[in-house]
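Colleague: The structure that follows is given in the form of structure tokens.
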Ligand code: PEP
């Protein structure tokens, strides 16, 4: 049975009231495999969402974390704070955080370590810019991001990390990578992780594709051998579109 994780990254959208309403509507969509679905929400919505999602089987995730447990880091949120709420996932290294908020390969590595230590599953985002792809350096670039992200992380811990391949040129642009381009990179990532660790890690890893995934292209993308789901931005904001992608994944999982 193929494994999937369909995660909706809401980015900086929705109030808590809207978030709770969304869950009410999502419940009515009767997801076949809610355990393969996660909502990745802004910090202020995590607590109300945790309550709203109780008993649904749908997981909850944060969009960022600080790598220190506490201290003088105004505006930041620690892993202990996330743990107290009971989040399952936390996105690390999203390209928007790398671009606008100074996230680096070094901070990504520290964040992975603190999340793994505390039992929250990281969703690690990697992916190249259009310029890098045009120079045909996308594999070398992603390879560098992965090597830096996993430095000092054991095989056992590395196998728990969800990797999201998100080509920057496809995020929020409407330009989806073709299923072939997405599969090529996800397969490369699996192979690269096997090389970095051990052949045994390949079958354990969940590798998502992210970048303008929507109901109309989800089946072609999710049918690919090395794509275990999606990190979905825009389309996850609409309950019906998000549920439709989850239905497609559930069908393909069988
Ligand atoms: C994302 O936010 O990770 C993403 C892939 O966004 P979108 O689906 O809107 O391209």
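Residue numbers (our numbering): 2 to 255. Here a beta-carbon is modelled for each residue, glycine too, at the ideal position from N, C-alpha and C.
#1: Tell me whether residue 13, by its Cβ, gets closer than 8 Å to a heavy atom of the ligand PEP.
#2: Roughly how many angstroms separate the alpha carbons of residue 240 and residue 23, rounded to a whole number?
#3: If you scan the region 171 to 246 from start to end, which runs of the alpha helix (DSSP H) of 4 or more residues do you find wholly inside it?
#4: Under three-state DSSP, which class holds residue 154?
#5: From residue 251 to residue 54, what distance separates their C-alpha atoms?
#6: Since residue 172 and residue 8 should fall inside the 8 Å C-beta cutoff, what is the C-beta to C-beta distance between them, to a whole number of angstroms?
#7: Under 8 Å from any heavy atom of the ligand PEP, does the C-beta of residue 249 make it?
#8: How is residue 122 classed by DSSP in three states: helix, strand or coil?
#9: What number of angstroms, rounded off, separates the C-alpha of residue 198 from the C-alpha of residue 96?
#10: Could you check how far apart the C-beta atoms of residue 164 and residue 127 are, in whole angstroms? I think they sit under 8 Å.
#11: According to DSSP, what are the bridge partners of residue 78?
#12: Say the cut is 8 Å; is the CB of residue 165 nearer than that to a heavy atom of the ligand PEP?
#13: Indicate whether residue 61 and residue 78 have their beta-carbon atoms separated by less than 9 Å.
#14: Is it the case that the Cβ atoms of residue 162 and residue 115 are separated by a distance below 9 Å?
#15: Extract the residue ranges of the beta strand (DSSP E) inside the region 47 to 96, only unbroken runs of 3 or more that lie entirely within it.
#16: Short of 8 Å in beta carbon distance, which residues of its chain neighbour residue 149, apart from the five on each side in sequence? Order them along the chain.
Modeller: With the given structure in hand:
#1: Against the chain shown, residue 13 aligns to sequence position 12. No, the beta carbon of residue 13 sits no closer than 8 Å to any heavy atom of the ligand PEP.
#2: Within the chain shown, residue 240 is the residue found at index 239, counting from 1. Within the chain shown, residue 23 is the residue found at index 22, counting from 1. Distance from the CA atom of residue 240 to the CA atom of residue 23, rounded to whole angstroms, is 7 Å.
#3: Segments of the alpha helix (DSSP H) lying fully in the region 171 to 246: 180 to 197, 216 to 223.
#4: As a first step, residue 154 must be located in the chain shown, where it is residue number 153. Annotated three-state conformation of residue 154 is coil, per DSSP.
#5: Numbered from its first residue, the chain shown carries residue 251 at position 250. Numbered from its first residue, the chain shown carries residue 54 at position 53. Each residue's Cα considered, the two are about 19 Å apart.
#6: For the purposes of this step, residue 172 is taken as the residue at position 171 of the chain shown. For the purposes of this step, residue 8 is taken as the residue at position 7 of the chain shown. About 14 Å separates the two Cβ atoms, so there is no contact after all.
#7: Taking the chain shown and counting its residues from 1, the one referred to as residue 249 is at position 248. With a cut-off of 8 Å, the C-beta of residue 249 is classified as distant from the ligand PEP, since no heavy atom of the ligand falls inside that distance.
#8: To locate residue 122, count along the chain shown from 1; it is residue 121. Assigned with DSSP and collapsed to three states, residue 122 falls in strand.
#9: Counting from one through the chain shown, the residue named residue 198 turns up at place 197. Counting from one through the chain shown, the residue named residue 96 turns up at place 95. Going by the C-alpha atoms only, they are around 25 Å apart.
#10: Counting from one through the chain shown, the residue named residue 164 turns up at place 163. Counting from one through the chain shown, the residue named residue 127 turns up at place 126. Contact holds; Cβ gap of about 7 Å.
#11: The residue given as residue 78 occupies position 77 in the chain shown. BP columns for residue 78 are empty, so no partner.
#12: Along the chain shown, one-based indexing puts residue 165 at 164. Yes, since a heavy atom of the ligand PEP falls inside the 8 Å radius drawn around the Cβ of residue 165.
#13: As a first step, residue 61 must be located in the chain shown, where it is residue number 60. As a first step, residue 78 must be located in the chain shown, where it is residue number 77. It is not a contact, given that the beta carbons lie outside the stated cut-off.
#14: Numbered from its first residue, the chain shown carries residue 162 at position 161. Numbered from its first residue, the chain shown carries residue 115 at position 114. Not a contact, by the Cβ cut-off of 9 Å.
#15: Residue ranges of uninterrupted beta strand (DSSP E) with 3 or more members, entirely inside the region 47 to 96 and ordered along the chain, are 60 to 63, 90 to 93.
#16: What you label residue 149 is simply residue 148 of the chain shown in a count that begins at 1. Its chain contains 106, 107, 109, 110 as the residues whose beta carbon lies nearer than 8 Å to that of residue 149, once the 5 sequence neighbours on both sides are disregarded; these appear in chain order.
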